[in-house]
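Per this note's numbering: the sequence shown ends with 2174, consecutive numbering throughout. A short worksheet on the structure shown next.
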Amino acid sequence: MSEVSRQPQRGGEPTKPTKKSSSWLRNLSRFNLAALILFYVASLHIIGLYVFTQGFLLSRLAIPHVSPAYNVSNPSPIAATHSKAVIIVIDALRTDFISPYHPQPPSPYHHGVLSLPAELKQSRPEHSLIFNSFSDPPTSTMQRIKGITTGSLPTFIDISSNFASTAIEEDSLVSQLVAANKTVGFMGDDTWMNLFPSAFHPDMSHPYDSFNVEDLHTVDNGVVTNLIPYLHPSNQSRWDVLIGHFLGVDHVGHRVGPHRDTMAEKLTQMNEVLEKVIDLIDDDTLLVVLGDHGMDDKGNHGGDSEMETSSALWLYSKGPALINPEIIQGKDTSSIFQSLPTYTFPQTTTPLRHVNQIDIVPTLSLLLGIPIPYNNLGSIIPECFSKNLETLEVAQRVTAEGIWRYVEAYGDKEVKENLDNAWNLAQSQSQKDNLPASIIAHRAFSLDALAHLRSLWAQFSMPLIVIGSLILGLCALTLIALYVGVRNNGASWDVYARLALETATMGSSVLASIAGTAAGVYTARPIVAIKVFIVAAALISEVILILPLFVKSSFSLALALPTSFSINRHIGPLILIVHALSFASNSFIMWEDRVVLYLISIIPIIYIIRALSAPTADMRLKIIFLSLAFTILSRLAGTITICREEQQPYCSVTFFSGVTATAPTWALIAIVPLALQLPRAIGITLSRSKSLAGPAPFILGILWRVVLIANSVYWVLEFFESFEGLNPARIPLVSFLKLWLARCSVGASLGAIPYVWFTSPLCISVERTADQATGKEEVTVFGFANAFGSTYILYTLAPFALSIRGGTPSSLQRPLLPWATKTAIMLLHHRELPRLTRPILPKPSYAPHSQMSFPSRFLDSSHSSQRGIKPSFHRSNGNLLS
């Protein structure tokens, strides 16, 4: 290695390395070198996040085994009760939407509206069964479709896949229907086509886009248009199973919430559709109506709250009865059915039968005479097999045997050992003549297995989480090391950067190669060797770059860190560290919004105390005013909020209007005047520092104001689109105007504003005056003190406009954020009070105190003397943003 020459240290500053780096680094320009550093830091973040998510977002092992089809040599264990089925999924159909037991007080918008299931439950109780089914979180459509077709459980990572559905490769109800030569037709949410791309009959597949939440009717009308003709007697021989997935109820929930006339209209439509379906199906067809998940009181879903996981399930048989009252109420069997779980919906008093949503998989499989999917973890719904005790025992035992096969194939020894006793008990009971005991034992085993596997897939890989967190944590120190090294080496920063990168690269590549080779030899898997090499290289390179912060020697890249503690300098990092540590507590996570407000309130308190030592009364008052303004603005920004379920009853929702998911009227009234005045307010701020010049008047006064007004009008039209008093004939016009306003607004925010900003000069103005004494021309530049600050303010206008468009008008705290940010910047500008009394430019000027002359190094003196020009700069009290 070449030698490193050192110069004596001065004032505690680090020595500046002059070692020559390798050729590939030496040939890089400064720009490319800076880009390489940024790429390295970004790579550290990506590697750390990847390792962390591999431990935190666990995926379940998919077993490719398939249950063998039934044939002459392998017959169905019980006779099928129906040869055909119509499965109707009503997205976000919550339990209370069809339950005969309504919460008190009932809502006229969704209680008693879809009344057909409750009516048939009353008139034909042996043919109609209503259940509350528990939808395993995450309660999003793709995960729930997986659950109701495979009988498996989701894992945490599945929530990220809701918008990028991939084909199901596991054994499923749909694949078993196809294997049994059943003709399956589908219409509705196109998520099914993504999950089962080749399962449905090509002439009976009618998918519709599922993510256009604005559209409440196209998908539903399309399902009705295609479903009803298939049910006509002349077409019933064409199919064996029809699946229809309605989206309107879910979209209404997202758009306006469940407490609007729109929801009542949609549920009325669903009720009419079900009436037509029941009129058309024959006695050999089983009707299954279910919600894939529920919705909360605002119409949203995706989490694990009680209302989101409470989905409706209705089974109806027009022909043979589903239940046998004699068995259910029999002396020897009543204990079986009386012990089945029930669920009392919030604000109701009468319990409803409760099942797991995945229980529909083995139940439907046996009722239709097809094998239960191999990966199924659900248990049967006992009522559907109450024809006689023998049928119930066989159905329960076959389901439990399938679960035990899956547990053995999954290969987790701990789970298998925990279930051995329950399985042995069930096996011993099945060999006796006591059928009720066998039913109870096999059901207990099935539920026990489900509980153990739920627990297994809820656990995280702590080693991967720790390694990922370590990489991310060391990355912060690496950034500090690189920043300090570049700063302390001044104009020679590229020499330091090249030497640092070369040292980190050489050291990490050697040690990481050893670790990767060892891992590859031990596991005999090349991919493991590559992963270990990448992770080890990231960790080792970070350590190499960080070590000089703590170990100083003549051969180290010593970095000088501040030796004295300054509250002004360290308050920011301290708050960030405290905020990061707060996530170690569940309570702080649940109340993060309050925690953040308290933490940022520390900043103005410190500055108010510091203001007492300000050199002038004017400066003291200014700091106190800015501190109070920052506190008030940040508090106001936190007043409009939504609440986590765990925060009740100590949190009140202010983001929505009452019980609806739309913005309150006061927000709609305030948003248009705010759009008109916000550009003016920012313009006043810029004018104080003489920065309302150059492109600022056009961007602020015209372009940005028009975008804000367009966003405001968009939200007003959004309100009127679902307004009860609006003529329905005007809705298409309102939707058209709203769509094009949104497109123009987003286009201007992403295109016009950035283009004008990028191609425009700084926000400064130039004034030329003639000196009366000498006759020379004097050039004064106004706004120079805030030239970059004003430009950066204009840069933030585009993303701010997008946030207004993407949020709702209820979030009126967004306009407060620029003001809070501005006051924070001004407070930071006052961090070092002595600097406020120093001029911005190093050389004194003979111009008036509000102007400053160019230093000689900034001015071609010969050229200036020839023209007789004296450049000077306007200075507004020395403040960045006055």
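Just so it is clear, CB atoms sit at the ideal spot from N, CA and C, and this is done for glycine as well.
Assign residue i to one of three DSSP states: helix, strand, or coil.
i, result
"TYR1666", "coil"
"TRP1606", "strand"
"TYR2087", "helix"
"PRO1617", "helix"
"SER1427", "coil"
"GLU1794", "helix"
"LEU1849", "Reliability of the predicted coordinates at LEU1849 is poor, the pLDDT of 43 falling under 50, and the value obtained from them is presented with this limitation in mind. LEU1849: coil per DSSP, three-state reduction."
"PRO1612", "coil"
"HIS1546", "helix"
"GLU2016", "coil"
"TYR1788", "helix"
"ARG2149", "Residue placement at ARG2149 is flagged as unreliable, the pLDDT there being 38, under the threshold of 50; the coordinate-derived value follows with that caveat. In the structure shown, ARG2149 sits in a helix (DSSP, three-state: H, G or I)."
"SER1368", "coil"
"LEU1904", "coil"
"LEU1837", "helix"
"THR1625", "coil"
"ARG1933", "First, the residue type needs correcting, since residue 1933 is Thr and not Arg in the sequence shown. Here THR1933 sits in coil by DSSP."
"PHE1488", "coil"
"SER1359", "coil"
"ARG1746", "helix"
"MET1911", "helix"
"THR1510", "helix"
"THR1458", "coil"
"THR2129", "Any reading at THR2129 must be qualified, since the residue scores a pLDDT of 44, below 50, and its modelled position is unreliable; no value is offered."
"GLN1528", "helix"
Could you name the residues that DSSP lists as bridge partners for residue i?
i, result
"ARG1386", "SER1603"
"LYS1376", "THR1577"
"ASN1518", "Per DSSP, none; premise fails for ASN1518."
"ASP1481", "TYR1500"
"GLY1536", "ILE1380, MET1479"
"THR1634", "ARG1645"
"LEU1421", "LEU1607"
"LEU1582", "VAL1381, LEU1605"
"SER2057", "PHE2074"
Quick one: what's got a C-beta closer than 6 angstroms to residue i's C-beta in the same chain, skipping five residues either side?
i, result
"MET1555", "TYR1401, HIS1402, VAL1544"
"SER1983", "CYS2055, GLY2075, ASN2078, SER2082"
"ASN1592", "none"
"GLY1253", "Any answer about residue 1253 is impossible in this case: the structure gives the chain only from 1293 up to 2174."
Hey, could you find the ends of the beta strand (DSSP E) residue i is sitting in?
i, result
"LEU1644", "1644 to 1648"
Can you tell me where the alpha helix (DSSP H) holding residue i begins and where it ends?
i, result
"GLY1340", "1322 to 1348"
"MET1754", "1754 to 1780"
"LEU1465", "1465 to 1471"
"GLU1706", "1705 to 1722"
"LYS1558", "1553 to 1572"
"THR1655", "1652 to 1660"
"ALA1687", "1681 to 1702"
"THR1433", "1433 to 1442"
"TYR2047", "2045 to 2051"
"ALA1783", "Taken as a continuous stretch (DSSP letters only), ALA1783 belongs to no alpha helix (DSSP H), as it is neither H nor E."
"GLN1414", "1408 to 1415"
"ASN1878", "1878 to 1882"
"ILE2023", "2023 to 2039"
In its own chain, which residues sit with a C-beta less than 8 angstroms from the C-beta of residue i, not counting the 5 before and 5 after it?
i, result
"VAL1333", "CYS1767, THR1770, LEU1771, LEU1774"
"GLY1799", "ILE1832, SER1833, ILE1836"
"SER2014", "ARG1547, VAL1548, ARG1552, THR1554, THR1954"
"ALA1718", "ARG1689, ALA1692, SER1730, ALA1733, HIS1734, ALA1736, PHE1737"
"HIS1337", "LEU1764, CYS1767"
With a threshold of 7 angstroms on Cβ separation, who are the neighbours of residue i within its own chain once the five nearest residues in sequence on each side are excluded?
i, result
"VAL1343", "LEU1756, ILE1759, GLY1760, ILE1763, VAL1827"
"ALA1701", "ILE1355, HIS1357"
"ALA1714", "ALA1736, PHE1737, ASP1740"
Item to check | the stretch 1469 to 1487 in contact with the stretch 1513 to 1532 per 3-pair CB rule at 8 angstroms | outcome: yes
Item to check | the stretch 1959 to 1970 in contact with the stretch 1991 to 2007 per 3-pair CB rule at 8 angstroms | outcome: yes
Checklist entry - How about the stretch 1620 to 1629 and the stretch 1423 to 1434: do they share at least three Cβ pairs that are nearer than 8 angstroms? => result no
Checklist entry - When the Cβ atoms of the stretch 1547 to 1566 are set against those of the stretch 1521 to 1535, are three or more pairs found closer than 8 angstroms? => result no
Next on the checklist: Is it the case that the stretch 1609 to 1618 contacts the stretch 1382 to 1400, given that we only count it when at least three CB pairs across the two stretches are under 8 angstroms?
Outcome noted: no
Checklist entry - Okay, do the stretch 1644 to 1657 and the stretch 1403 to 1420 touch, 3+ Cβ pairs below 8 angstroms being the bar? => result no
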